[in-house]
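Visitor:
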Amino acid sequence: MNLIRIEGSSELLRSLHGIPDLYLALGSLRMLGDDRAEIWARAETGAIQQVEALGCAVDVEMDDTALQAHDDAVEHEIQQNRGTV
Amino acid sequence: MPYPLPSADVETKLAALDAGYTICTRTPCAEDSREGKRPSFIKIGLGTNPNRVGVLVAGGMHAREWASPDALLSFAEELLKAQKAKRDMSFLAFTHTRPNGTTYSYGSYTISKTDVAKWVDRLDLYFLPCVNPDGRDFSLLPGNKMWRKNRWPHPADASCSGVDLNRNFPIAWDQDVFYNVAGAANVATCTTACHPGGQAVRDTFRGPGSASEPETRNVVAVMGLPGIKYYLDVHAYGPNIYFPWGIEQNQWTAPEKWFNNPDWDRPGAHGGRDGTAGVAYGEWIPDSGANRLLKSHQDLGNAMRAEIIKAAGASAAAVGISTYAVEQSLSLYATTGASDDYFMSTQFPPSTGSKKHAFTIEIGSAADGEYFPGPAQFRKYERDIHGALCGAFRAIAAGVAAGPSPGSTWCFIATAAYGSPEHERVRLLQRLRLEVLRSTPFGRRFAGVLEAVYYSFSPRLAAWLWRHRRSRALVRVAVVTPAVFLLERATTLLGRVPSRRLRVVLLAAVITLLVAVPIGLAGAAVAAAVWALWPGR
Chain G
601 MNLIRIEGSS ELLRSLHGIP DLYLALGSLR MLGDDRAEIW ARAETGAIQQ
651 VEALGCAVDV EMDDTALQAH DDAVEHEIQQ NRGTV
Chain V
54 MPYPLPSADV ETKLAALDAG YTICTRTPCA EDSREGKRPS FIKIGLGTNP
104 NRVGVLVAGG MHAREWASPD ALLSFAEELL KAQKAKRDMS FLAFTHTRPN
154 GTTYSYGSYT ISKTDVAKWV DRLDLYFLPC VNPDGRDFSL LPGNKMWRKN
204 RWPHPADASC SGVDLNRNFP IAWDQDVFYN VAGAANVATC TTACHPGGQA
254 VRDTFRGPGS ASEPETRNVV AVMGLPGIKY YLDVHAYGPN IYFPWGIEQN
304 QWTAPEKWFN NPDWDRPGAH GGRDGTAGVA YGEWIPDSGA NRLLKSHQDL
354 GNAMRAEIIK AAGASAAAVG ISTYAVEQSL SLYATTGASD DYFMSTQFPP
404 STGSKKHAFT IEIGSAADGE YFPGPAQFRK YERDIHGALC GAFRAIAAGV
454 AAGPSPGSTW CFIATAAYGS PEHERVRLLQ RLRLEVLRST PFGRRFAGVL
504 EAVYYSFSPR LAAWLWRHRR SRALVRVAVV TPAVFLLERA TTLLGRVPSR
554 RLRVVLLAAV ITLLVAVPIG LAGAAVAAAV WALWPGR
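In order, the protein sequences belong to chains G and V.
Letter by letter, the first sequence follows residues 601 to 685 in my numbering.
Letter by letter, the second sequence follows residues 54 to 590 in my numbering.
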């Protein structure tokens with residue numbers, strides 16, 4: 601799984617819903633002007649290829665390895681220390 | 054402080070708040086969750102201001118959005134501590150560390166004790182911090198952190214289980230009836246439990262029926278409690294503050310275009326609403342005359358936004374990542390069955406006297422910890438949530454008239470007895486005192502003495518009556534109503550007296566008798582009892 605930022609026209613971003621293994625964070629949607637918008641998501645590599653094939657720009661903010669390492673670290677802290685804050 | 058709390062610990066904390074603070078009451082919801090857990094909510098408020106309004110804050114609807122239950126609990130606890138000690142609410146400075154290692158400094162954040170006193174006087178604050186206990190506990194198990202839904206068990210295939218509670222509320226639930234074909238294609242709601250797109254698509258499964266889930270019905274029931282006019286649903290992540298509608302584009306010129314008009318359903322005359330696919334239909338949100346519901350949503354959203362920024366402190370970098378957009382829920386996609394739209398819908402068709410406001414607050418961002426901030430990111434999410442709540446409570450409380458205070462024109466006991474200062478008999482008493490009795494110098498002196506005595510005890514007695522329903526009814530029937538009846542008759546008779554001065558003197562005499570006779574009778578009864586029980590008689 602990768603953490604990605606997707607940018608494209610409203611029409612393009614509207615077509616993303618329903619792509620397998622693309623977990624869109626709908627609450628993160630922002631209109632950028634000139635009918636452009638961005639949205640964040642978690643996505644498997646295959647889903648990223650589908651998004652790019654539609655014509656959207658994709659920035660991988662955390663790749664599979666980095667995201668997994670972060671997830672593991674948080675999970676470890678939560679399970680071992682009950683996440684003391 | 055441990056974080057994130059499992060649902061059982063959330064309940065333990067709520068019970069502790071109930072036990073520790075007299076102005077906090079915990080109530081279990083009506084139904085168990087799918088896996089037999091009973092979430093509860095607390096109500097915080099003095100309950101004395103007859104004008105007070107209710108604000109419901111919900112959290113934990115989506116399982117993986119870890120921060121909101123803990124942040125709502127820490128807010129409620131600090132509010133109660135501050136109110137009890139008559140001190141400011143105080144939140145400590147901290148360092149926020151993003152998952153990529155970048156750090157941000159957040160300063161301390163304080164809410165004045167004056168604000169705290171206003172909030173608990175003018176508002177009934179309801180907190181339902183863990184709407185979806187099964188989902189939360191499942192999400193906290195190793196490997197399950199992306200789980201969003203409740204734990205509805207699919208009858209045939211376990212991989213298809215779970216309902217997105219925020220698509221299950223009874224508002225436009227059936228998108229294939231609500232929209233035309235093109236409109237329904239742009240709805241971010243999954244209609245099939247076992248959708249072939251897998252979990253990413255099934256995440257928004259609307260459920261087997263409208264309000265099919267007990268967790269949904271619990272929220273609906275709390276929303277229906279008397280006086281609740283505001284609903285804040287805390288989610289992750291944004292950063293965005295959304296207000297209705299999510300089902301369609303807002304419009305404020307065509308009242309006939311509203312969600313309950315069957316002409317706009319797919320089988321109706323217009324063939325269905327167009328959602329984001331067209332502009333022929335927009336959802337009506339009043340925004341003219343006395344009912345500017347759109348503007349008041351924008352104003353309240355902006356008040357939350359501003360307070361989140363203030364809560365971030367002096368660091369420009371922290372302010373930069375705690376700046377939220379305030380927007381309508383509907384953007385690229387329409388959403389059906391959402392809790393904020395449902396709460397909004399319960400005031401339709403709208404009247405000027407029943408304004409309700411609903412918000413979905415999408416806390417945090419992808420870079421700050423996504424849905425599930427770790428311990429190093431929780432404080433930032435918590436601070437943003439606290440800022441949003443403080444902004445909302447301050448703005449809402451400012452719009453609520455202050456309750457009675459010594460020296461005011463309030464009739465404390467009558468207001469408590471009849472439940473409202475607007476009751477016709479309470480108004481009669483106010484009129485007698487302000488317009489008749491105070492119309493001569495003698496009357497003003499008499500009223501001054503009367504009020505000095507009355508205000509020495511009545512606020513406390515009225516506050517007690519507000520908390521005791523049966524006593525209120527008894528005082529209303531046995532004391533206030535007969536007294537008002539006699540005063541009304543006396544005023545009618547005195548109206549025939551030509552001299553205003555004499556009229557006021559006679560009214561003062563009637564009031565004195567009304568006060569003196571019950572006191573005299575009570576004194577005589579006590580004296581008789583003492584006489585009868587005196588030893589040696």
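A virtual CB, placed ideally from N, CA and C, is assigned to each residue, including glycine.
Only a predicted model underlies this, so the values are computations on that prediction, with no experimental measurement involved.
Within a Cβ cutoff of 6 Å, which residues of the same chain sit near glycine 112 of chain V, ignoring the five residues on either side of it in sequence?
Guide: Counting only Cβ-Cβ distances below 6 Å, and skipping sequence neighbours, we find Ser121, Pro122, Leu125, Pro182 and Val287.
Visitor: Could you check which residue in V/Asn102, V/Gly89 and V/Pro426 has the C-alpha nearest to that of proline 57 of chain V?
Guide: Among V/Asn102, V/Gly89 and V/Pro426, the Cα nearest to that of proline 57 of chain V is on V/Pro426.
Visitor: Bridge partners for alanine 638 of chain G per DSSP, in chain order?
Guide: According to the sequence provided, residue 638 of chain G is glutamate. The question's alanine does not apply to it. According to DSSP, glutamate 638 of chain G bridges with G/Glu607 and G/Arg630.
Visitor: When we look at the beta-carbon of proline 459 of chain V and count the other beta-carbons within 10 Å, is it buried (16 or more) or exposed?
Guide: With a pLDDT of 40 at proline 459 of chain V, under the threshold of 50, the modelled position of this residue cannot be trusted; read the value that follows with caution. Classification for proline 459 of chain V: exposed.
Visitor: Under 8 Å, Cβ to Cβ, is there at least one residue of chain G near glycine 460 of chain V?
Guide: Low confidence applies to glycine 460 of chain V: its pLDDT is 42, below 50, so where it sits in the model is not reliable, and the reading given next is rough at best. No, because no Cβ of chain G sits closer than 8 Å to the Cβ of glycine 460 of chain V.
Visitor: Can you name the residues of chain G whose CB is closer than 7 Å to the CB of lysine 202 of chain V?
Guide: Neighbours of lysine 202 of chain V on chain G: none; closest Cβ ~13 Å, over 7 Å.
Visitor: Quick one: which residues of the stretch 76 to 93 of chain V get their C-beta closer than 9 Å to a C-beta of chain G? List them in chain order.
Guide: Those would be none; no residue qualifies.
Visitor: Near phenylalanine 401 of chain V, which residues of its chain fall below 8 Å by C-beta distance, leaving aside the five closest residues on each side in sequence?
Guide: For phenylalanine 401 of chain V, where only same-chain residues beyond five positions count, the Cβ hits under 8 Å are Trp311, Phe312 and Asn313.
Visitor: Does the stretch 191 to 211 of chain V come close enough to the stretch 163 to 178 of chain V to have 3 or more Cβ pairs within less than 8 Å?
Guide: The stretch 191 to 211 of chain V vs the stretch 163 to 178 of chain V: no contact.
Visitor: Is the beta carbon of tyrosine 284 of chain V sitting closer than 8 Å to the one on alanine 411 of chain V?
Guide: Closer than 8 Å, so yes.
Visitor: Which same chain residues end up closer than 8 Å to serine 50 of chain V when comparing Cβ atoms and leaving out the 5 residues on each side of it in sequence?
Guide: Past the boundaries of the shown model lies residue 50 of chain V; chain V is included only from 54 to 590, so the question cannot be answered.
Visitor: What span of residues does the alpha helix (DSSP H) with arginine 151 of chain V cover, start to end?
Guide: Run containing arginine 151 of chain V: none; DSSP gives neither H nor E here.
Visitor: Look at the alpha carbon of threonine 545 of chain V and the alpha carbon of alanine 454 of chain V, and state the distance between them as a whole number of angstroms.
Guide: Straight-line Cα distance between these residues: approximately 32 Å.
Visitor: Within 8 Å (strictly less), CB to CB, does leucine 603 of chain G reach chain V?
Guide: Output row for leucine 603 of chain G: interface = yes.
Visitor: Do you know offhand how far leucine 547 of chain V's Cα is from arginine 486 of chain V's?
Guide: If you take the alpha carbons of leucine 547 of chain V and arginine 486 of chain V, they lie about 15 Å apart.
Visitor: Can you give me the Cβ contacts of glycine 618 of chain G inside the same chain, cut-off strictly under 7 Å, excluding the 5 residues immediately before and after it?
Guide: Around glycine 618 of chain G: no qualifying Cβ.
Visitor: By how many angstroms is the C-alpha of threonine 565 of chain V removed from the C-alpha of glutamate 504 of chain V?
Guide: Those two C-alpha atoms are separated by around 13 Å.
Visitor: With a CB to CB cut of under 6 Å and the five nearest residues on each side skipped, what residues in its chain are close to asparagine 104 of chain V?
Guide: If we look at asparagine 104 of chain V and ignore the five residues flanking it on each side, its Cβ neighbours are Val453 and Ala454.
Visitor: Less than 7 Å separating the Cβ of leucine 490 of chain V from some heavy atom of the ligand MG?
Guide: Absence of the ligand MG is noted for the structure shown, with no ligands found whatsoever.
Visitor: Measuring CB to CB, does isoleucine 604 of chain G end up less than 8 Å from alanine 643 of chain G?
Guide: Yes, the Cβ-Cβ distance between isoleucine 604 of chain G and alanine 643 of chain G is below 8 Å.
Visitor: What residue does the beta strand (DSSP E) around glycine 107 of chain V start on, and which one ends it?
Guide: First-last of the beta strand (DSSP E) with glycine 107 of chain V: 106 to 111.
Visitor: Give the single residue among V/Leu278, V/Asn203, V/Arg117 and V/Phe147 whose Cα lies nearest to the Cα of alanine 83 of chain V.
Guide: Among V/Leu278, V/Asn203, V/Arg117 and V/Phe147, the Cα nearest to that of alanine 83 of chain V is on V/Leu278.
Visitor: Is the Cβ of glycine 277 of chain V closer than 8 Å to any Cβ of chain G?
Guide: Taking Cβ atoms only, chain G never reaches closer than 8 Å to glycine 277 of chain V, which makes this a no.
Visitor: DSSP state of glutamate 380 of chain V, grouped into three classes?
Guide: Strand.
Visitor: Spell out a yes or no on whether the stretch 504 to 523 of chain V and the stretch 569 to 579 of chain V are touching, meaning 3 or more CB-CB pairs, one atom from each, closer than 8 Å.
Guide: Touching, no.
Visitor: Quick check on the DSSP output: the beta strand (DSSP E) that includes lysine 282 of chain V runs from which residue to which?
Guide: Taken as a continuous stretch (DSSP letters only), the beta strand (DSSP E) holding lysine 282 of chain V covers 281 to 289.
Visitor: Please classify alanine 61 of chain V as buried or exposed, where buried requires at least 16 neighbouring CB atoms within 10 angstroms.
Guide: It is exposed - the Cβ of alanine 61 of chain V has fewer than 16 other Cβ atoms within 10 Å.
Visitor: Which of helix, strand or coil does DSSP assign to glycine 460 of chain V?
Guide: Residue confidence for glycine 460 of chain V is low, a pLDDT of 42 falling below 50, so the modelled location carries little weight and cannot support an answer.
Visitor: Under 8 Å Cβ-Cβ, which residues of chain V neighbour aspartate 635 of chain G?
Guide: What aspartate 635 of chain G touches in chain V: nothing, since even the nearest Cβ is about 11 Å away.
Visitor: Under a CB-based cut-off of 8 Å, is proline 571 of chain V close to chain G?
Guide: Not one chain G Cβ lies under 8 Å of proline 571 of chain V.
Visitor: Given a cut-off of 8 Å on the beta-carbon distance, is the pair asparagine 612 of chain V and alanine 371 of chain V in contact?
Guide: Residue 612 of chain V lies beyond the stretch modelled for chain V, which goes from 54 to 590, so this question has no answer here.
Visitor: Have a look at glycine 501 of chain V and alanine 536 of chain V and give me their C-alpha separation to the nearest angstrom.
Guide: The alpha-carbon atoms of glycine 501 of chain V and alanine 536 of chain V are separated by roughly 20 Å.
Visitor: Output, in chain order, the set of chain V residues within a Cβ distance shorter than 7 Å of aspartate 621 of chain G.
Guide: Neighbours of aspartate 621 of chain G on chain V, chain order: Gly251 and Ala253.
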